[in-house]
Ligand SMILES: Cc1cc2nc3c(=O)[nH]c(=O)nc-3n(C[C@H](O)[C@H](O)[C@H](O)COP(=O)(O)OP(=O)(O)OC[C@H]3O[C@@H](n4cnc5c(N)ncnc54)[C@H](O)[C@@H]3O)c2cc1C
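Residue numbers (the UniProt record's numbering), protein chains in the order written: chain A, 1 to 142; chain B, 1 to 515.
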């Protein structure tokens, strides 16, 4: 093999690269809308994200934006990873339904104030918000 | 007294204490402020009381830079371009007057405080007084609605006040006609400002009519107020004694032409609950008989910290969405679909409670708003007015405009669009979608605002400016310039209110001079 993307000598590099490729594939599939309409499965990860998604009024609409986000950030096309990323940003237990809306609203505001932003299909979004929509996309995809 | 130049005998010499070239807002304002006992004013206007095609054609010229409507952006009859101005009024911001190390050639010889005493009179002249351009409490109280508190400290609320719009020719014609100390000379084109052989002062003005009459006007003092493109042209054409043109020893006349770049369709804003964006942000509201609307203006702190140019934004509702609209959207309605998606995805963040935003209209999703902008450009010596080889009906060389914008201008615009989006989202008002690529090119929709600035710029240093802080042409005792051609920087405010404030200030200065 010539020296290139997979020329690393340990197998971990290669595994990471492959995982990335799988995520990329998933993101692209999501973007193409191929998984839309699949019945939602009540996986453990998904059940745990329900309170988070409760703040998203229209999950189908959010999923459209979420898919666009995942195309640009395929490494995040993983339900468990996204949930962790969101939990870290929100610094709260994301299964605590009572406080979640307040917490998210505060975080979005902070993101916008600090400039922690991403552009998703032109929309200027807080990083937390974009990940929330990505979560909606993944959850819908089941 | 009103005189048609064509009614005077050929070769006639008129004398006054002050001669003003140009009967637009600047010239009329100085004439009104100056005419009085022991101050006979002669106001010399190229046109008549209404537009005429042959006179208007004297404004034609050629473009060498960004395409620009040289004749369409000006009117040549009594009242000047106020015959079709839009009436947007706002003072320049204090930071616009400062020397900013990130803005080349920036800095006025004085601060905003030098103009502050004149904004009230200027507001009266355009029928918007009292001046409440920065008085948020006034508009909050009088509209009965809160103002948006922008939490990131990037945007502040400023207020446009709208002139009816005042047509200066119509509004002040009778006053000019009946003033015993004023002669309004119509159909009189100043073709040359003749200087004394020493070039230290003006000797007289040469005037021609389109029918071929030649006249002269002599006065101890002269004010050139023919508009931001014609002021440099007349100076450049006045080259008998000074070959480069009057006031042009240092090759500054005509340089630094500035316009406010206006871009359309560069971003959309969606808002679910209009209570979060009170009416004064979306349309003109009428308070005590006057119309006003919010101008979103960056805070000076942001401009300094991020080394940006100034800008102002306005927003206006363009359409409403209901959840059912989705079914009727075709495959090409991508923008509408995207706006609806955004409104419905972010619904909980953009409106209170989980129920419908509008109980009477449960499927209502929100509105989208168009955004307007006027950007400050960097003063650029290569953006300039020179004389073309082509001539007009009077045999005078036309202007050649080379309007240029810089990458610094564009980058600043892009940064401010993002900044506006951040603030509106942080305040929970809405979400903004950027529709222009940040690719080093101005969007094709970029045009000017019909604001002609900078071509006889003001500076205490004759090497860097054409006029001094009193609007007097460097090196010439008796010639002054009025209008936006003296602005050394353009800010983002529309020029006319500021032209008038400067005109009143100039009138005060002239009144203080020995007779
Ligand atoms: C469509 C449009 C909309 C606008 N909207 C706004 C707005 O909303 N807000 C704002 O602030 N500004 C606006 N402006 C700009 C505004 O009209 C000008 O800032 C203002 O008219 C400038 O006044 P002035 O007296 O300096 O020049 P002008 O209004 O151009 O007047 C110059 C006068 O000089 C006369 N003249 C020219 N050459 C000669 C000569 N050789 N001899 C004798 N007389 C001469 C002309 O006939 C004219 O009467 C707008 C302009 C346009 C075109």
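Even glycine gets a Cβ: it sits at the ideal position worked out from N, Cα and C.
These numbers were taken from a predicted model, which means no experiment stands behind them.
What does residue i reach in chain B if we use C-beta pairs closer than 7 Å?
{"i": "residue 121 of chain A", "result": "338"}
{"i": "residue 69 of chain A", "result": "Residues of chain B passing the Cβ test: none, with the nearest at roughly 11 Å."}
{"i": "residue 89 of chain A", "result": "The contacting residues do not exist; residue 89 of chain A stays about 15 Å from chain B at best."}
Do residue j and residue i have their beta-carbon atoms positioned less than 9 Å apart in this structure?
{"i": "residue 276 of chain B", "j": "residue 372 of chain B", "result": "no"}
{"i": "residue 227 of chain B", "j": "residue 61 of chain B", "result": "no"}
{"i": "residue 321 of chain B", "j": "residue 367 of chain B", "result": "yes"}
{"i": "residue 489 of chain B", "j": "residue 376 of chain B", "result": "yes"}
{"i": "residue 474 of chain B", "j": "residue 249 of chain B", "result": "yes"}
{"i": "residue 72 of chain A", "j": "residue 139 of chain A", "result": "no"}
{"i": "residue 471 of chain B", "j": "residue 506 of chain B", "result": "yes"}
{"i": "residue 280 of chain B", "j": "residue 139 of chain B", "result": "yes"}
{"i": "residue 191 of chain B", "j": "residue 394 of chain B", "result": "yes"}
{"i": "residue 486 of chain B", "j": "residue 467 of chain B", "result": "yes"}
{"i": "residue 464 of chain B", "j": "residue 252 of chain B", "result": "yes"}
{"i": "residue 121 of chain A", "j": "residue 433 of chain B", "result": "yes"}
{"i": "residue 41 of chain B", "j": "residue 18 of chain B", "result": "yes"}
{"i": "residue 108 of chain A", "j": "residue 52 of chain A", "result": "no"}
{"i": "residue 300 of chain B", "j": "residue 94 of chain B", "result": "yes"}
{"i": "residue 337 of chain B", "j": "residue 329 of chain B", "result": "yes"}
{"i": "residue 315 of chain B", "j": "residue 160 of chain B", "result": "no"}
{"i": "residue 166 of chain B", "j": "residue 125 of chain B", "result": "yes"}
{"i": "residue 241 of chain B", "j": "residue 195 of chain B", "result": "yes"}
Flag residue i as yes if its beta-carbon sits less than 9 Å from any beta-carbon of chain B, otherwise no.
{"i": "residue 105 of chain A", "result": "yes"}
{"i": "residue 35 of chain A", "result": "In this prediction, residue 35 of chain A has a pLDDT of 38, which is less than 50 and means its spatial position is unreliable; what the coordinates show is noted afterwards. No, its Cβ sits nowhere closer than 9 Å to a Cβ of chain B."}
{"i": "residue 118 of chain A", "result": "no"}
{"i": "residue 131 of chain A", "result": "no"}
{"i": "residue 101 of chain A", "result": "yes"}
{"i": "residue 109 of chain A", "result": "yes"}
{"i": "residue 86 of chain A", "result": "no"}
{"i": "residue 141 of chain A", "result": "no"}
{"i": "residue 58 of chain A", "result": "yes"}
{"i": "residue 136 of chain A", "result": "yes"}
{"i": "residue 29 of chain A", "result": "Annotation note: pLDDT 48 at residue 29 of chain A (below 50); position unreliable, no value reported."}
{"i": "residue 52 of chain A", "result": "no"}
{"i": "residue 25 of chain A", "result": "The pLDDT assigned to residue 25 of chain A is 45, lower than 50, so where the model puts this residue is not dependable, and the model offers no usable value."}
{"i": "residue 40 of chain A", "result": "Confidence at residue 40 of chain A is low in this model, with a pLDDT of 37, below 50, so the placement of that residue is unreliable and no value is reported for it."}
Beta-carbon of residue i versus every beta-carbon of chain A: anything under 9 Å?
{"i": "residue 428 of chain B", "result": "yes"}
{"i": "residue 411 of chain B", "result": "no"}
{"i": "residue 354 of chain B", "result": "yes"}
{"i": "residue 323 of chain B", "result": "yes"}
{"i": "residue 435 of chain B", "result": "yes"}
{"i": "residue 255 of chain B", "result": "no"}
{"i": "residue 304 of chain B", "result": "no"}
{"i": "residue 502 of chain B", "result": "no"}
{"i": "residue 418 of chain B", "result": "yes"}
Within the present structure, is the beta-carbon of residue i separated from the nearest heavy atom of ligand 3 by less than 8 Å?
{"i": "residue 89 of chain B", "result": "With respect to small molecules bound, the structure shown includes ligand 1 and not ligand 3."}
What does residue i touch in chain B if you count any residue whose Cβ is under 8 Å from its own?
{"i": "residue 65 of chain A", "result": "341, 342, 345"}
Residue i versus chain A: which residues are under 9 Å apart at the beta carbon?
{"i": "residue 425 of chain B", "result": "108, 109, 111, 112, 117, 124, 125, 126, 129"}
{"i": "residue 151 of chain B", "result": "109, 112, 113"}
In chain B, which residues lie less than 9 Å from residue i when you measure between Cβ atoms?
{"i": "residue 62 of chain A", "result": "341, 344, 345, 346"}
Just to make sure I have the definition right: I need the residues of chain A whose C-beta is within less than 8 Å of the C-beta of residue i. Which are they?
{"i": "residue 422 of chain B", "result": "112, 113, 115, 117, 124"}
{"i": "residue 431 of chain B", "result": "123, 124, 125"}
With a cut-off of 8 Å on the beta carbons, I'd call residue i and residue j a contact; round off their distance for me.
{"i": "residue 70 of chain A", "j": "residue 61 of chain A", "result": "Their Cβ separation, rounded to whole angstroms, is 15 Å, which puts residue 70 of chain A and residue 61 of chain A out of contact at 8 Å."}
{"i": "residue 65 of chain B", "j": "residue 273 of chain B", "result": "That pair is no contact at about 45 Å."}
{"i": "residue 413 of chain B", "j": "residue 261 of chain B", "result": "7 Å"}
{"i": "residue 20 of chain B", "j": "residue 3 of chain B", "result": "Not really, about 14 Å apart at Cβ, beyond 8 Å."}
{"i": "residue 71 of chain B", "j": "residue 56 of chain B", "result": "6 Å"}
{"i": "residue 39 of chain B", "j": "residue 59 of chain B", "result": "Contact doesn't hold; Cβ gap of about 31 Å is too wide."}
{"i": "residue 164 of chain B", "j": "residue 127 of chain B", "result": "6 Å"}
{"i": "residue 383 of chain B", "j": "residue 256 of chain B", "result": "7 Å"}
Quick one: list the residues of chain A neighbouring residue i, beta-carbon separation under 7 Å, in chain order.
{"i": "residue 524 of chain B", "result": "The structure shown has nothing for residue 524 of chain B, since chain B only spans 1 to 515."}
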